[in-house]
Amino acid sequence: MTNFKNIIAKEISKIVNIQEKELETYIEVPKDSSNGDYAFPCFRLAKELKKAPPIIAEDIKEKLKIEGETIEKVEVVGGYLNFYINQKLLTKEVLTEISKKEEYGKSDIGKGKNIVIDYSAPNIAKPFHIGHLRSTVIGGALYNIYKYLGYNTIGINHLGDYGTQFGKLIEGYKLWGKEYNIEEDPINELTKIYIRINQLCKEDEKVLERCRMNFKLLEDGDPYCKEIWEKFRELSLKEFQRVYDLLGSKFDSWNGEAFYSDKMPEVIQILDKTGKLVESEGAKIIDLEDKGINTPCIIQKSNGSTTYATRDLAAILYRARNYDFDKALYVVSYEQTLHFKQVFEVAKLLGLDEKYTNGLKHVPFGMVSLSTGKMSTREGNIVKLEELLNEAISRAKSIIEEKNPDLEDKENVAKKVGVGAVIFNDLSNSRIKDEIFDWNQILNFQGETGPYIQYTYVRTKSVLEKAGYIPQIEEIKFDKLGDESSKNIINLIYNFENILEQVTQKEEPSILSRYLIDIAKSFSNFYNDNKILVEDKDTQNARVYLTYSVGKVLKIGAKLLGIDMPNKM
RNA sequence: GUGCUUAUAGCUCAGCAGGAUAGAGCAGUCGCCUCCUAAGCGACCGAUGGGGGUUCGAGUCCCUCUAGGCACACCA
-18 MTNFKNIIAK EISKIVNIQE KELETYIEVP KDSSNGDYAF PCFRLAKELK KAPPIIAEDI
42 KEKLKIEGET IEKVEVVGGY LNFYINQKLL TKEVLTEISK KEEYGKSDIG KGKNIVIDYS
102 APNIAKPFHI GHLRSTVIGG ALYNIYKYLG YNTIGINHLG DYGTQFGKLI EGYKLWGKEY
162 NIEEDPINEL TKIYIRINQL CKEDEKVLER CRMNFKLLED GDPYCKEIWE KFRELSLKEF
222 QRVYDLLGSK FDSWNGEAFY SDKMPEVIQI LDKTGKLVES EGAKIIDLED KGINTPCIIQ
282 KSNGSTTYAT RDLAAILYRA RNYDFDKALY VVSYEQTLHF KQVFEVAKLL GLDEKYTNGL
342 KHVPFGMVSL STGKMSTREG NIVKLEELLN EAISRAKSII EEKNPDLEDK ENVAKKVGVG
402 AVIFNDLSNS RIKDEIFDWN QILNFQGETG PYIQYTYVRT KSVLEKAGYI PQIEEIKFDK
462 LGDESSKNII NLIYNFENIL EQVTQKEEPS ILSRYLIDIA KSFSNFYNDN KILVEDKDTQ
522 NARVYLTYSV GKVLKIGAKL LGIDMPNKM
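Residue numbering for the first sequence follows the working numbering, starting at -18 and increasing by one per position.
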């Protein structure tokens, strides 16, 4: 589509001694549309030209040969040059683009680039709680959006299925396995064991040592430990799958930490050769003091077993070789910032091409806590995600019963609305912000929420159904959409592709969430201001088409966030 | 103690990589369904933690103070 900023920058660059590209970044969209569609502030030219900004603006305007079909008017206001574009032309272009592309906004700017996204990664044998939601939905949204922009995207669920925690579970199972009904309610029962063994570890250092040994045995292939581990893993995954099914989460790979168990000797070997792997207090570490990180990275513990870091390094090696990634994103809470700093630094010693080490990126997000404090599986104060989702669904159901009792397929709609509300709630704020979990807030379906987006979509569908047709783009009289609310919608839709690119630049799905809210609001205004199904055929055609376009963008956008749209609600 | 991070309305958040008069939602008060779904729309109420600095211009950049959060070697 026409890049207006570029057109304006190009013309200005003929007059001012600044690169076209740089000029383009100066051009902004005025907050108040009465100041035009685009603006060029002249203040920063004042020093060099030794003139007052309004005079510079006048001078540029004099020389500017831009007014024509595309840019209708240029005005000087203070130190600004304000540009007014031909709205009819833009409307035509945007709606035509929508009519041509089934998948509006899709592009191939990422063609030929591989992106690995590491997300969700719950711990086996522990409950899937609301703290795991963020990684799952943020990662999922980034996955969808990168893919939509043409990147070859690989989603990896790097399960926490290894480590001393399993040594602990194995120890607990040995001690009290018979007292618990693990088959029936695996995660809850295993959690009880986990809590109990942790308690014992605290009281008795020897027990903790035995747990660590169990993990060492597991790593060394001890059949008994391995059997128990496999059983726990399988039972847990089955439970996790229920949550993933509700959320609609999919992964290309389920290679968790254990997958790398046989790939770590190579890491240790490579690091050994660099001469940087040194012994300290019986463990093998890499000192990172000179890199400004004053905690060393432990590669091998004093009892010979590996650490989380070693496994991540093995994973980097594996992913570089098998996925040839241009970017590897780790959607993991900010608690682990130091860990990734260490790992990414050590990764530079693995002898990989810089392409890989430069592509490593931690995408941190804030923590979810309860009003009573931090969640802890050990303390038992957690909110399980499945519980939350089911609660949201039943809440949606009761609202449907109240507002639309004759609705068909209520169960399905309630599921889409309830789950959509939970997902949207998590994706609508900047990911770095902490979140205090609040039932009332999440289960509120009014205002800037997932259900609001869905409701707006449903309204568009309803209008289209009443209309009974979608006009051909050739029949649309674009000047029928000159009113303020139509204009707002067109401008927003025009921005869609740009929004998606911003999301990937900042790894920030909330940009898309907010954008969908903006569209939904604009449409609600439009819907309120205008009757869509009217006598005048041209007006109706244009409005119906705009309605159709809004529905399309809302649906695509929601889908990218991982939210399904009901047709009625 | 060191490092990272956050601070905008009573609450939850936006603020396009410095620009024109700081925007929403929730909560509260009020108004709008004989009219395409009122899970909606409109109105009122109300804000940049303190102090310096850079700049023509600062919510945004720098310094500092204050207050939260997180992390700091054999958990992941």
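For glycine and all other residues, C-beta sits at the position ideal for the given N, C-alpha and C.
Shown here, D99 sits in a strand according to DSSP, grouped into three states. Between H139 and D99, the beta carbon gap of about 5 angstroms places them in contact (Cβ cut-off 8 angstroms). For S357, the secondary structure class from DSSP, reduced to helix, strand or coil, is strand. By the 16-neighbour rule on beta-carbons within 10 angstroms, Q427 is exposed. D89 has its alpha-carbon roughly 8 angstroms from the corresponding atom of Y129. In the three-state DSSP reduction, Q281 falls in the strand class (E or B). Counting only runs of at least 3 residues, the segment -12 to 47 fully encloses the following beta strand (DSSP E) elements, listed from N- to C-terminal order: 19 to 22.
Under the DSSP assignment, S350 falls in the beta strand (DSSP E) whose first and last residues are V349 to L351. Under the DSSP assignment, N476 falls outside any alpha helix (DSSP H); it carries neither an H nor an E label. Ranked by how close their Cα comes to the Cα of I137, the residues D415, D201 and Y124 have Y124 in first place. When only Cα atoms are considered, V118 and F477 end up about 21 angstroms apart. Note that the C-beta distance between K46 and E1 is not below 8 angstroms.
Membership of L62 in any alpha helix (DSSP H) is not indicated; the residue belongs instead to the beta strand (DSSP E) covering Y61 to I66. Within the same chain, Cβ atoms closer than 7 angstroms to the Cβ of R214 are found at I105 and D142, the five residues on either side in sequence being excluded. Within the segment 109 to 191, complete alpha helix (DSSP H) segments of at least 4 residues are found at 114 to 129, 145 to 157 and 167 to 184, given in chain order. Judged by beta-carbon spacing, K155 lies beyond the 8 angstroms limit of N284, meaning their Cβ atoms are not closer than that value. Per DSSP, A448 is not a residue of any beta strand (DSSP E); the alpha helix (DSSP H) it occupies stretches across G431 to A448.
Here the segment 502 to 513 makes contact with the segment 459 to 468; the two share three or more CB pairs at distances below 8 angstroms. In this structure the segment 238 to 252 lies against the segment 279 to 294, because at least three pairs of beta carbons, one per stretch, are closer than 8 angstroms. Contact annotation: Y526 and L70 have beta-carbon atoms that are not nearer than 8 angstroms.
Counting the other CB atoms within 10 Å of its CB gives E488 a total of 16 or more, which places it among the buried residues.
At least 8 angstroms separates the beta-carbon of E53 from that of I41. Looking only at M(-18), I8, Y7 and E78, the smallest Cα-Cα distance to I454 is reached by E78. Per DSSP, Y508 is not a residue of any beta strand (DSSP E); the alpha helix (DSSP H) it occupies stretches across S491 to D510. Residue environment: Q146 is assigned as buried (16 or more neighbouring CB atoms within 10 Å of its CB, all protein chains considered). If you check the CB distance, I267 and V324 do not come in under 8 angstroms. Fewer than three pairs of CB atoms, one per stretch, sit closer than 8 angstroms, so the segment 332 to 340 makes no contact with the segment 366 to 374.
Taken through DSSP and simplified to helix, strand or coil, S375 comes out as helix. The continuous beta strand (DSSP E) containing L341 extends over residues L341 to V344.
By the CB criterion at 8 angstroms, L199 and W210 fall inside the cutoff. For L26, the closest of L189, N421, K12 and S(-6) by C-alpha to C-alpha distance is S(-6).
Contact between I176 and T134 does not hold, since the beta-carbon distance rounds to 38 angstroms and is not under 8 angstroms.
Note that the C-beta distance between A301 and K342 is not below 8 angstroms. According to the DSSP assignment, A402 belongs to the alpha helix (DSSP H) that extends over K391 to L408. In this structure, DSSP gives T287 an extended state, which the three-state scheme calls strand. Counting along the chain, no beta strand (DSSP E) covers I413, and no H or E run does either.
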